[in-house]
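Participant: For the sequence shown, counting from 1, position 32 maps to 36 in the numbering used here; every step adds exactly one. Idealized CB from N, CA, C, for every residue including glycine. A quick note: this is a predicted structure, and the numbers were derived from the prediction, not measured. Could you have a look at this structure, given as structure tokens, before my questions?
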Amino acid sequence: MSSGRLLRQVLEDVTTTKTVTCYSNQKPWLNGEVRSLLKARDAAFRSGDPHELRRARRELTAGVKSANML
Numbered sequence: 005m006s007s008g009r010l011l012r013q014v015l016e017d018v019t020t021t022k023t024v025t026c027y028s029n030q031k032p033w034l035n036g037e038v039r040s041l042l043k044a045r046d047a048a049f050r051s052g053d054p055h056e057l058r059r060a061r062r063e064l065t066a067g068v069k070s071a072n073m074l
């Protein structure tokens with residue numbers, strides 16, 4: 005038995021396998037906080053209030069920058 009096959013057999017016997025799905029359109033920094041800021045920005049846009057929209061955009065930009073730093 006080759007070493008690669010032996011290692012694979014030992015890993016199959018000892019560990020469990022788990023399938024992880026990663027979608028290409030989900031960025032790793034898109035966490036719950038950023039999603040809530042996105043919803044707030046969209047709500048501000050729908051409300052038609054330009055001052056609220058400007059504030060929501062500013063908060064979203066800051067939230068994305070802080071999430072990228074993590």
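Is asparagine 35 closer than 8 Å to alanine 71 when the C-beta atoms are compared?
Facilitator: yes
Participant: Label arginine 45 either buried or exposed according to how many other C-beta atoms from any shown protein chain fall within 10 Å of its C-beta, with 16 as the threshold for buried.
Facilitator: buried
Participant: Assuming alanine 66 and glutamate 56 are in contact, meaning their beta carbons sit under 8 Å apart, how far apart are those beta carbons, in whole angstroms?
Facilitator: The pair is not a contact, with the Cβ atoms about 16 Å apart (cut-off 8 Å).
Participant: Alpha carbon to alpha carbon, what distance is there between valine 38 and arginine 50?
Facilitator: The straight-line gap from Cα to Cα measures roughly 18 Å.
Participant: What are the boundary residues of the alpha helix (DSSP H) that proline 32 is part of?
Facilitator: No alpha helix (DSSP H) contains proline 32, which DSSP labels as neither H nor E.
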